[in-house]
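Line by line, the protein sequences give chains A and B.
Residue numbers for the first sequence follow our numbering, so the first one is 71 and each next one is one higher.
Residue numbers for the second sequence follow our numbering, so the first one is 71 and each next one is one higher.
Beta carbons are placed, not taken as given, at the ideal position from N, Cα and C, and that holds for glycine.
All values derive from a computational prediction rather than experimental measurement.
Read the structure below first, then the notes.
Number of protein chains: 2
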Amino acid sequence: MIDAFRLLEIVLVVALVLLMWSSISNFASLKRMLIGRPMPSRALYTSHNQLFWLIALPILSADLYSSVAYGPEAGLAELAHVGPAANWLILPITIATVLLLFILIMSYIMGVIAYPSGGGAYTIAKDNFKSGIPALIASSSLLVDYILTVAVSISSGIVNMAAAYPILIPYQTTLAVFVIFILVIINLRGVAESARIFAWPTFFFMASMILVIIVGFINEVRYGFVQPATPPFGSVPEGLTMMVILRAFSSACSSLTGIETISNAVPIFREPQQKNAIKTYIALGVITSVTLLGFSYHLYVHGISIHPGVTALSQLLEIYFGRGILYQIIIWSTFVVLILAANSTFIGFSQLAAIVAADGFLPRAFTNRGDRLMYSNGIILLAAAASLLIIIFRANVNALIPLYAIGVFLAFTVAQIGLLRRWIRIKGPYWQLKFGINLIGTIVTALVTLIVAVTKFRSGAWIVLIILPLIILSSIAIRRHYNQTADELRIDPKTTHPEQHHVLSVVLVSGIHRVVLNTLSFATSLGTDVVAVYVGFNDESIRQMEKRWEEWGSPCRLVTLKSEYRSILRPLSKFIRRLEVKEGEAEHIHVILPQFIPRVWWHNLLHNQSALLLRAWLFRYKDVVITTVPYHLRK
Amino acid sequence: MIDAFRLLEIVLVVALVLLMWSSISNFASLKRMLIGRPMPSRALYTSHNQLFWLIALPILSADLYSSVAYGPEAGLAELAHVGPAANWLILPITIATVLLLFILIMSYIMGVIAYPSGGGAYTIAKDNFKSGIPALIASSSLLVDYILTVAVSISSGIVNMAAAYPILIPYQTTLAVFVIFILVIINLRGVAESARIFAWPTFFFMASMILVIIVGFINEVRYGFVQPATPPFGSVPEGLTMMVILRAFSSACSSLTGIETISNAVPIFREPQQKNAIKTYIALGVITSVTLLGFSYHLYVHGISIHPGVTALSQLLEIYFGRGILYQIIIWSTFVVLILAANSTFIGFSQLAAIVAADGFLPRAFTNRGDRLMYSNGIILLAAAASLLIIIFRANVNALIPLYAIGVFLAFTVAQIGLLRRWIRIKGPYWQLKFGINLIGTIVTALVTLIVAVTKFRSGAWIVLIILPLIILSSIAIRRHYNQTADELRIDPKTTHPEQHHVLSVVLVSGIHRVVLNTLSFATSLGTDVVAVYVGFNDESIRQMEKRWEEWGSPCRLVTLKSEYRSILRPLSKFIRRLEVKEGEAEHIHVILPQFIPRVWWHNLLHNQSALLLRAWLFRYKDVVITTVPYHLRK
């Protein structure tokens with residue numbers, strides 16, 4: 071009856087928010103436990119070992135390669151709308167996808183040649199356009215797509231697990247949010263993207279997928295390439311329109327996200343870096359093509375269609391291996407690789423956000439390194455956005471896919487145009503060939519972007535097409551604000567120096583007790599005019615205070631104000647306005663607030679936080695200096 | 071696909087939290103719109119008109135009378151576990167409930183006689199026990215039960231609406247949370263409990279229920295008192311144990327909550343107040359008994375059993391009136407009355423919390439009156455707790471019922487024992503009779519408390535039985551903290567006076583610009599020693615700063631600190647420790663932080679809030695005075 075899991079999701083989201091606040095004292099020890107000891111800045115510059123390309127391959131390919139687990143299925147899901155007779159179309163669609171992969175890899179190899187120190191779409195666009203807009207289009211599209219990568223990869227991982235263990239089905243959303251939470255902690259601890267340990271699960275998954283494809287062919291040699299379940303090839307069922315085919319193609323294209331990782335990471339390769347990076351691109355292209363084609367072919371032969379609760383991969387594995395140990399191992403390795411893909415996206419997102427923020431287009435907080443030298447704010451923003459998507463779409467991969475891929479293809483297109491401009495400008499050896507390759511790349515990726523945007527518009531792409539311009543516009547506004555602020559704050563140190571003014575200190579007193587004593591001791595130690603202000607809620611309390619103040623020997627002048635509305639704010643604010651009018655501009659008005667600090671944090675709940683609220687209000691609306699004098703309770 | 075309603079719930083809960091924060095500036099205009107203009111304290115003392123008892127009756131009885139809508143059904147739901155053949159037991163169970171109602175009303179009339187100025191269980195217990203524990207048991211139980219009243223009443227109201235309009239069924243939880251949100255706003259605006267307008271819906275609902283009962287009897291006269299659907303009377307189905315019967319009785323007892331309202335409100339009656347209150351109690355007892363008996367009887371005759379999505383009331387109405395206009399009117403009036411019941415609970419809860427908080431047993435914030443003179447914090451706490459219950463139990467009335475009623479009966483018992491002690495102490499006319507009535511009351515309510523606790527233990531009562539002691543223990547801890555704080559803060563004004571010390575002002579500078587200029591102008595205007603501190607992240611930046619400082623003509627001494635961990639906090643904290651050691655205890659260390667305030671609120675996101683974090687940390691861990699010098703950005 072109790073919907074504890076719905077609560078758990080909320081708790082996890084709250085915990086994420088708390089992590090953001092964990093820089094503050096109270097959670098310091100919790101934070102230390104979760105994240106680990108802080109690391110000094112110099113740790114940044116200790117060079118990590120550079121990687122042999124065969125090791126770099128799996129490390130950099132988790133994102134691209136893992137998407138074979140959901141790409142073909144997403145294509146099938148679209149074809150399912152016109153019935154099983156359209157299933158054969160998954161074959162030409164996969165062939166088109168592989169061709170697209172080939173073109174993209176060629177284009178990206180050109181990128182590696184152009185930017186040996188690593189160049190993502192943002193860097194390429196920034197370098198080759200005068201205006202900042204193309205670079206912003208590229209970065210915003212990638213950031214949005216990274217969020218979707220995390221949402222899709224984790225959802226797909228969980229959905230595969232739920233196919234193996236149906237008991238998990240009702241808890242998919244909660245589990246997905248939980249996985250994000252774990253990834254945040256891992257990433258805040260700072261696992262390097264290049265950690266060799268990440269190579270093995272991906273290798274293992276690649277080997278598993280190749281094994282599945284080989285077992286499939288053996289099966290087909292024994293039982294025939296056309297089996298009872300195989301749908302007829304080439305039939306044109308009613309309702310099959312070009313739109314349906316393009317929509318299926320758009321969905322299948324989601325297998326191609328993550329291709330940019332290698333070109334961003336050229337410096338982690340062993341020398342000769344460019345050559346090794348290119349070698350890795352080609353190897354990755356071959357193995358991904360083989361897997362996509364083989365997997366789709368077997369899906370077709372066995373007439374596998376979309377069932378809620380059982381992924382296509384799980385159905386295929388069950389045909390070959392039953393639900394035995396081999397099935398379990400492959401499902402687990404799929405899960406692990408999809409989570410690794412999400413993990414590497416965390417690093418990519420936070421690094422890209424930091425680069426863009428350093429240029430002033432995003433809040434500067436994204437450039438701050440956390441305790442473990444990771445860009446914590448980017449990590450947490452990504453986690454929050456991906457969690458929100460997962461909760462809204464209830465971890466449904468095929469519902470998330472329509473939002474996906476536009477971003478990546480848009481960024482691809484911008485980067486390719488950038489490269490075109492570069493080849494024209496710089497020329498260099500064989501530049502016509504390189505130009506030609508990128509020209510084909512530009513045309514194809516632009517076309518795919520258009521296809522995805524149009525065919526997926528109504529089922530979700532519109533969300534991205536609304537959000538992207540918003541992000542770009544805010545980026546421009548942010549940059550303008552930074553520039554304006556810098557202008558305003560600039561002074562000429564030769565002509566402008568600090569000047570002394572008359573300071574009037576206003577001490578807020580609530581009675582005569584130790585906290586007030588402590589505050590007045592401080593106030594009267596300054597060389598300023600001091601006046602004490604008491605706000606009473608009725609005449610009686612004001613008379614009382616005046617009498618007691620006199621009995622105390624009037625440590626300074628006392629002003630009493632009456633509040634009709636039980637708020638200290640109004641009379642105090644009126645009083646300050648009166649002072650401002652009387653004293654003119656050159657005067658510093660200085661409000662001193664007593665505040666007592668309990669020994670135990672929960673005791674804060676027991677005391678009115680009026681000093682805090684007052685401070686926040688004065689800060690925002692008045693030009694007064696505010697001092698808080700703490701009194702630390704002993705008990 | 072999109073679970074927007076789950077999101078909406080979260081949004082509403084967040085909005086509730088924002089309302090708590092709405093005292094702060096940014097939301098001031100929103101708050102004004104929702105809550106209305108602030109009211110002066112003197113408005114409290116304008117006497118409201120006192121009420122004729124027949125008008126007071128419906129106003130004070132919404133809580134008790136509305137529970138006929140769910141009480142008998144909750145009993146039936148328990149009996150349903152042993153099959154429809156047990157349905158006849160609802161008749162003896164309702165008779166027992168009515169007897170219990172009679173005993174409770176008699177006992178409460180004794181309470182009215184003893185405390186003519188209005189005495190709830192808390193007041194009675196506080197007045198008649200030396201220890202504070204019984205009073206705390208009473209208040210905590212009532213507070214917990216008020217929360218449940220809101221959750222149950224609103225859920226029941228929504229479930230009845232959903233029975234009439236099945237399209238609402240998937241959105242029950244969201245709608246219930248939404249209703250709470252509306253009630254919070256209404257209550258923060260400050261609707262007086264005694265508003266005459268509240269009389270009419272309850273009158274109307276009473277009339278409707280009586281009409282239903284009369285129509286029922288006419289129907290039975292025409293078609294026979296035993297109809298085809300009537301289950302056999304007196305059969306003992308397999309599995310029918312004493313436990314099942316007691317459990318059904320416990321659930322049915324939930325109809326008796328809210329009975330204490332009249333005894334709390336004696337002062338709103340016209341003179342002679344006590345006599346009119348007693349008259350009202352008797353009238354309410356008669357009409358509630360008639361309704362409970364009649365309603366249960368018709369439920370039995372028509373063999374109505376529990377169906378998800380259709381309340382028993384809705385089923386009965388459908389038999390008599392179809393789904394026509396009469397059905398709609400009665401369902402709507404049921405809804406309105408249940409919401410009114412929740413509304414009056416808001417007032418009861420916040421007033422009780424304020425009384426208990428005034429005695430130091432709850433955070434003092436509960437005694438603060440909001441803009442419209444209502445106890446806002448109590449209102450918001452109640453709303454948050456009830457929303458949480460509704461979300462956890464998905465607005466399922468029969469799942470909430472087991473948690474319900476223990477609290478009320480526990481408070482009843484404590485109050486009765488208190489009255490027993492009072493009669494022994496004070497005696498007075500007919501005291502033996504009064505003592506006797508309260509003795510019977512004590513025994514019966516104690517017994518009912520025990521029955522509810524035991525029979526409902528596993529299905530939810532354990533939650534309440536864990537939470538109650540926790541609340542009581544924290545109340546004691548809270549009171550102890552307040553007493554200790556008061557002791558610590560007390561000073562003797564004759565011997566203790568403010569003393570002047572040497573003040574060292576430490577100004578944090580981040581470079582040479584207008585904000586720093588502004589801050590140094592203030593710092594050097596105080597008559598204190600001033601030292602500027604610069605924290606650099608590497609040697610280069612430190613050298614640079616030292617050079618520029620000198621070029622600026624060194625407005626004061628500059629200390630540079632190097633941070634290895636990219637945090638200003640560590641080096642600054644170390645520096646302060648060094649100062650403390652050097653300067654000894656008598657010294658005030660005074661940290662001055664520059665902070666710039668953007669013109670637009672969202673610009674805050676673009677600037678590191680390091681001054682804020684630094685301030686929070688220093689506050690908690692260091693005994694330093696902190697001054698923030700604002701610089702208001704012009705653009």
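inquiry  = With a threshold of 7 Å between beta-carbons, can residue 676 of chain B be considered close to chain A, or not?
reply    = Numbered from 1 along the second sequence, position 606 holds the residue referred to as residue 676 of chain B. True, the Cβ-Cβ gap to chain A drops below 7 Å.
message = Short of 7 Å in beta carbon distance, which residues of its chain neighbour residue 506 of chain B, apart from the five on each side in sequence? Order them along the chain.
response = Your numbering for residue 506 of chain B matches position 436 in the second sequence. Nothing listed; no residue qualifies.
request  = Might you give, ordered along the chain, the residues of its own chain that have their beta carbon closer than 7 Å to the beta carbon of residue 523 of chain A, omitting 5 neighbours on each side?
outcome  = Taking the first residue of the first sequence as 1, we reach residue 523 of chain A at position 453. Within the same chain, residue 523 of chain A has close Cβ partners 476, 531 and 535.
task = Give the straight-line distance between the Cα atoms of residue 95 of chain B and residue 551 of chain A, rounded to the nearest whole angstrom.
result = On the second sequence, residue 95 of chain B is found 25 positions in, with the first residue counted as 1. On the first sequence, residue 551 of chain A is found 481 positions in, with the first residue counted as 1. For residue 95 of chain B, the predicted structure reports a pLDDT of 39, less than 50, and the residue's modelled location is therefore unreliable. A value from the coordinates is still provided. Cα to Cα, the separation comes out at about 23 Å.
ask   = Can you name the residues that DSSP bridges to residue 667 of chain B?
value = For the purposes of this step, residue 667 of chain B is taken as residue 597 along the second sequence, with counting starting at 1. DSSP output for residue 667 of chain B lists B:702 as bridge partner(s).
Residue 392 of chain A: first and last residue of the uninterrupted alpha helix (DSSP H) it sits in = If you number the first sequence from 1, residue 392 of chain A lands on position 322. Here residue 392 of chain A belongs to no alpha helix (DSSP H), and DSSP marks it neither H nor E.
task = Measure from the C-beta of residue 582 of chain B to each C-beta in chain A and report whether the shortest distance is under 7 Å.
result = If you number the second sequence from 1, residue 582 of chain B lands on position 512. By this cut-off, residue 582 of chain B is an interface position.
message = Any beta carbon from chain A within less than 7 Å of residue 421 of chain B's own beta carbon?
response = Residue 421 of chain B sits at position 351 when you count from the first residue of the second sequence. Chain A contact via Cβ: absent.
inquiry  = Spatial neighbours of residue 575 of chain A within its chain, please: C-beta separation below 6 Å, excluding the five flanking residues on both sides.
reply    = For the purposes of this step, residue 575 of chain A is identified with residue 505 of the first sequence, where counting begins at 1. Correct list, in chain order: 593, 598, 600, 660 and 662.
inquiry  = Can you check whether the C-beta of residue 72 of chain B is within less than 7 Å of a C-beta belonging to chain A?
reply    = Locating residue 72 of chain B in the second sequence gives position 2, where the first residue counts as 1. Residue placement at residue 72 of chain B cannot be trusted, given a pLDDT of 42 that sits under 50; what the coordinates show is reported in the next sentence. At least one chain A Cβ lies under 7 Å of residue 72 of chain B.
task = Answer with yes or no whether the minimum CB distance from residue 696 of chain A to chain B is below 7 Å.
result = Here residue 696 of chain A is taken as the residue at index 626 of the first sequence, counted from 1. Yes, because at least one Cβ of chain B sits closer than 7 Å to the Cβ of residue 696 of chain A.
inquiry  = Less than 7 Å between CB atoms is the rule here; does residue 149 of chain A satisfy it with respect to chain B?
reply    = Looking up residue 149 of chain A in the first sequence gives position 79. So no, residue 149 of chain A is outside the interface.
request  = Say whether chain A places a C-beta atom closer than 7 Å to the C-beta of residue 594 of chain B.
outcome  = Counting from one through the second sequence, the residue named residue 594 of chain B turns up at place 524. Nearest CB-CB separation between residue 594 of chain B and chain A: below the 7 Å threshold.
task = Could you name the residues that DSSP lists as bridge partners for residue 630 of chain A?
result = In the first sequence, counting from the first residue as 1, residue 630 of chain A sits at position 560. DSSP lists A:604 as partners of residue 630 of chain A.
task = Verify the CB distance criterion: does residue 559 of chain A have a CB-CB separation below 7 Å to chain B?
result = Reading the first sequence from its first residue, position 489 is the one you call residue 559 of chain A. Chain B contact via Cβ: present.
request  = Leaving aside the five residues before and after residue 608 of chain B along the sequence, list all residues of the same chain whose C-beta is less than 8 Å from its C-beta, in chain order.
outcome  = On the second sequence, position 538 is the one that residue 608 of chain B refers to. 632, listed in sequence order.
request  = Just list the alpha helix (DSSP H) runs in the region 554-603 of chain B, keeping only unbroken ones of 4 residues or longer that don't cross its boundaries, in chain order.
outcome  = 584-595
request  = Note down, in chain order, each residue of its chain lying with its Cβ closer than 7 Å to the Cβ of residue 703 of chain A, except the 5 sequence neighbours on either side.
outcome  = Position 633 of the first sequence, counted from the first residue, corresponds to residue 703 of chain A. Cβ neighbours of residue 703 of chain A beyond the five flanking positions: 666, 667, 668 and 669.
ask   = How would you label residue 123 of chain A, buried or exposed, when you count the other beta carbons within 10 angstroms and need 16 or more for buried?
value = Stepping through the first sequence from its first residue, residue 123 of chain A is reached at position 53. Buried is the call here.
task = Please work out which residues of its chain come closer than 7 Å, Cβ to Cβ, to residue 359 of chain A, disregarding the five sequence neighbours upstream and downstream, and give them in chain order.
result = Against the first sequence, residue 359 of chain A aligns to sequence position 289. Closer than 7 Å at the Cβ level, and outside the excluded window around residue 359 of chain A, lie 168 and 171.
query = Using a Cβ-Cβ cut-off of 8 Å (strictly less than) and excluding sequence neighbours within five positions of residue 689 of chain B, which residues of its own chain qualify?
reply = One-based indexing of the second sequence puts residue 689 of chain B at position 619. If we look at residue 689 of chain B and ignore the five residues flanking it on each side, its Cβ neighbours are 696.
task = Report the neighbours of residue 435 of chain A on chain B: residues whose CB is nearer than 7 Å to its CB, in chain order.
result = Within the first sequence, the letter at position 365 stands for residue 435 of chain A. Going along chain B in sequence order, the residues near residue 435 of chain A (Cβ under 7 Å) are 678.
task = Could you say if the region 319-333 of chain A and the region 235-252 of chain A meet the contact criterion of at least three C-beta pairs nearer than 8 Å?
result = Not touching, per the Cβ criterion.
query = Using Cβ-Cβ distances below 7 Å, what residues of the region 681-694 of chain B are close to chain A?
reply = 683, 686, 687, 689, 690, 691 and 693
ask   = When you compare only the Cα positions, how much space is there between residue 157 of chain A and residue 299 of chain A?
value = Numbered from 1 along the first sequence, position 87 holds the residue referred to as residue 157 of chain A. Numbered from 1 along the first sequence, position 229 holds the residue referred to as residue 299 of chain A. Cα-Cα distance, rounded: 11 Å.
request  = Below 7 Å between beta carbons is the criterion; list the residues of the region 596-610 of chain A that meet it against any residue of chain B, in chain order.
outcome  = 596, 597, 598 and 607
task = Report the rounded CA-to-CA distance for residue 209 of chain A versus residue 424 of chain A, giving the unit in angstroms.
result = For the purposes of this step, residue 209 of chain A is identified with residue 139 of the first sequence, where counting begins at 1. For the purposes of this step, residue 424 of chain A is identified with residue 354 of the first sequence, where counting begins at 1. Going by the C-alpha atoms only, they are around 11 Å apart.
task = For residue 618 of chain A, go through chain B and note every residue whose CB falls closer than 9 Å to its CB, in chain order.
result = Stepping through the first sequence from its first residue, residue 618 of chain A is reached at position 548. Within 9 Å Cβ-Cβ: 563.
query = Is there contact here, the region 351-369 of chain A with the region 187-195 of chain A, by at least three beta-carbon pairs under 8 Å?
reply = no
ask   = Is the CB-CB distance between residue 140 of chain A and residue 226 of chain A below 7 Å?
value = Stepping through the first sequence from its first residue, residue 140 of chain A is reached at position 70. Stepping through the first sequence from its first residue, residue 226 of chain A is reached at position 156. Between residue 140 of chain A and residue 226 of chain A, the CB-CB gap stays under 7 Å.
inquiry  = Since residue 120 of chain A and residue 595 of chain B should fall inside the 8 Å C-beta cutoff, what is the C-beta to C-beta distance between them, to a whole number of angstroms?
reply    = Taking the first residue of the first sequence as 1, we reach residue 120 of chain A at position 50. Taking the first residue of the second sequence as 1, we reach residue 595 of chain B at position 525. Wrong, their Cβ atoms sit about 58 Å apart, outside the cutoff.
key: Among A:211, A:453 and A:321, the one whose alpha carbon lies nearest that of residue 257 of chain A   = Taking the first sequence and counting its residues from 1, the one referred to as residue 257 of chain A is at position 187. If we check each option's Cα against that of residue 257 of chain A, A:453 comes out closest.
key: Buried versus exposed, by CB contacts within 10 Å (16 or more), residue 629 of chain B   = Reading the second sequence from its first residue, position 559 is the one you call residue 629 of chain B. So residue 629 of chain B ends up on the exposed side.
query = Residues in its own chain within less than 8 Å of residue 181 of chain A by CB, not counting five upstream and five downstream?
reply = Counted from its first residue, the first sequence places residue 181 of chain A at position 111. Here the set comprises 189, 194, 333, 485 and 489.
Extent of the continuous alpha helix (DSSP H) run through residue 344 of chain B = Your numbering for residue 344 of chain B matches position 274 in the second sequence. It spans 343-371 - the alpha helix (DSSP H) in which residue 344 of chain B sits, taken as one unbroken run.
inquiry  = Is the beta carbon of residue 577 of chain B closer than 7 Å to that of residue 556 of chain B?
reply    = Translated into the one-based positions of the second sequence, residue 556 of chain B becomes position 486. Translated into the one-based positions of the second sequence, residue 577 of chain B becomes position 507. No; because the gap between Cβ atoms is not below 7 Å, this pair is not in contact.
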